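This report refers to the structure that appears directly beneath it.
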Amino acid sequence: MAQPTSSTLTFPAPSATLLSPYLPSTSSHNRPFLTLTYATSLDATLSLTPTTPTLLSGPLSKSMTHYLRAHHAAILIGAGTAIADDPSLNSRLEGAEIDRQPRPVVLDPRGRWAVGGGSKVVSLARQGRGLGPWVMVMEGVDVDGEKVRVVEGVGGAYVTLSTNEDGRFDWKDVLDVLWKEGVTSVMVEGGGVVINELLSPRYFGLVDAVIVTIAPVWLGREGVQVCPEERRDGEGKKVAVGRLRDVRWVPLGEDGVLCGRPKMDE
Ligand SMILES: NC(=O)C1=CN([C@@H]2O[C@H](COP(=O)(O)OP(=O)(O)OC[C@H]3O[C@@H](n4cnc5c(N)ncnc54)[C@H](O)[C@@H]3O)[C@@H](O)[C@H]2O)C=CC1
Ligand SMILES: Nc1nc(O)c(N)c(N[C@@H]2O[C@H](COP(=O)(O)O)[C@@H](O)[C@H]2O)n1
Numbered sequence: 000m001a002q003p004t005s006s007t008l009t010f011p012a013p014s015a016t017l018l019s020p021y022l023p024s025t026s027s028h029n030r031p032f033l034t035l036t037y038a039t040s041l042d043a044t045l046s047l048t049p050t051t052p053t054l055l056s057g058p059l060s061k062s063m064t065h066y067l068r069a070h071h072a073a074i075l076i077g078a079g080t081a082i083a084d085d086p087s088l089n090s091r092l093e094g095a096e097i098d099r100q101p102r103p104v105v106l107d108p109r110g111r112w113a114v115g116g117g118s119k120v121v122s123l124a125r126q127g128r129g130l131g132p133w134v135m136v137m138e139g140v141d142v143d144g145e146k147v148r149v150v151e152g153v154g155g156a157y158v159t160l161s162t163n164e165d166g167r168f169d170w171k172d173v174l175d176v177l178w179k180e181g182v183t184s185v186m187v188e189g190g191g192v193v194i195n196e197l198l199s200p201r202y203f204g205l206v207d208a209v210i211v212t213i214a215p216v217w218l219g220r221e222g223v224q225v226c227p228e229e230r231r232d233g234e235g236k237k238v239a240v241g242r243l244r245d246v247r248w249v250p251l252g253e254d255g256v257l258c259g260r261p262k263m264d265e
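Following numbering that gives the first Met the number 0, the numbering of the sequence shown begins with 0 at its first residue and continues without gaps.
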């Protein structure tokens with residue numbers, strides 16, 4: 000039997016039905032609906048090392064990712080992932096034409112990502128199989144003119160945003176910029192810095208839905224781990240950061256997909 004090409008992934012309707020309660024709904028708080036989604040090992044690890052692209056999702060859960068991408072207006076990653084993976088950041092779901100492609104957004108305050116004509120995201124945008132990326136950089140950073148030319152040449156943009164004293168964007172500002180540009184939903188895929196920050200007590204409340212693929216493998220130490228900053232109560236006692244409610248487990252091949260809505264414990 001012929002293998003599907005990279006642009007003809009399908010996601011079975013019964014699984015799609017199970018996911019439907021977690022898909023973006025109309026936002027009631029003047030910011031994009033934020034879905035946090037990633038694949039992890041049994042030891043809560045995203046990749047073997049920060050610079051090693053690591054396939055965790057099986058074929059069905061990978062199709063789910065492309066289904067989710069086609070249901071979001073934007074897909075966001077940190078510069079670490081952009082540099083390590085040279086990702087495509089488009090949806091290869093069957094029927095996901097250009098009007099259902101998510102806008103790739105990369106948090107790259109210092110303009111480190113070497114986005115050029117050979118980058119997958121640029122190449123796909125040139126072929127009409129994805130959108131040009133929006134790269135968020137800090138004020139005053141000197142971005143190489145050639146990179147700006149390449150990004151703008153495929154309909155993308157470098158967007159300047161202010162940072163705090165640590166050189167970090169406030170997530171509320173990131174979401175505000177996207178909202179003002181008409182982005183109603185964003186799927187955040189990672190990597191470790193991004194995920195751990197969004198799961199930290201400060202930003203936990205910004206996450207509307209979590210969809211995590213759990214693959215039956217252990218990756219060992221030195222990997223990029225999901226382990227957010229701890230939370231303490233008024234007396235300094237350590238408490239859980241938060242949990243998921245409205246939980247649903249969806250088996251996809253050998254992987255388990257955990258869906259839920261985050262809730263910070265009282
Ligand atoms: N299994 C999975 O689902 C995924 C795995 N990965 C893996 O994760 C690894 C990369 O993870 P990390 O090294 O943790 O990098 P990362 O992708 O989280 O990027 C970190 C960088 O993003 C920028 N950034 C993040 N938050 C920011 C903020 N609030 N303000 C300003 N800049 C911000 C900074 O430049 C920071 O150094 C790679 O190995 C990749 O393959 C990445 C995504 C998903
Ligand atoms: N869902 C999922 N499963 C895995 O096993 C992964 N390694 C990732 N990684 C994320 O997907 C990006 C690559 O996507 P493309 O297929 O190149 O578009 C990678 O950059 C991570 O964000 N995700």
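All residues carry an ideal CB built from backbone N, CA and C; glycine is no exception. A quick note: this is a predicted structure, and the numbers were derived from the prediction, not measured.
Sub-8 Å separation of residue i and residue j beta-carbons
| i | j | result |
| --- | --- | --- |
| residue 14 | residue 243 | no |
| residue 22 | residue 65 | no |
| residue 90 | residue 123 | no |
| residue 255 | residue 194 | no |
| residue 351 | residue 77 | Given a span of 0 to 265 for the chain in the structure shown, any question on residue 351 remains unanswerable. |
| residue 41 | residue 217 | yes |
| residue 176 | residue 36 | no |
Heavy atom of ligand 1 within 7 Å of residue i beta-carbon
| i | result |
| --- | --- |
| residue 14 | no |
| residue 76 | yes |
| residue 178 | no |
| residue 159 | no |
| residue 38 | yes |
| residue 55 | yes |
Per DSSP, the bridge partner or partners of residue i
| i | result |
| --- | --- |
| residue 208 | 34 |
| residue 55 | Partner(s): none; residue 55 has no beta bridge. |
| residue 77 | 106 |
| residue 157 | 134 |
| residue 186 | 34, 74 |
| residue 152 | Looking at the DSSP assignment, residue 152 forms no beta bridge with any residue, so it has no partner. |
| residue 289 | Outside the displayed range of the chain (0 to 265) lies residue 289, so it cannot be described from this structure. |
| residue 213 | 39, 255 |
| residue 223 | 46 |
CA nearest to the CA of residue i, picked from the options
| i | options | result |
| --- | --- | --- |
| residue 72 | 38, 110, 25, 44 | 25 |
| residue 239 | 246, 227, 196, 249 | 227 |
| residue 110 | 191, 10, 34, 167 | 167 |
| residue 219 | 45, 36, 28 | 45 |
| residue 7 | 104, 58, 236, 231 | 58 |
Heavy atom of ligand 2 within 7 Å of residue i beta-carbon
| i | result |
| --- | --- |
| residue 110 | no |
| residue 196 | no |
| residue 188 | yes |
| residue 169 | no |
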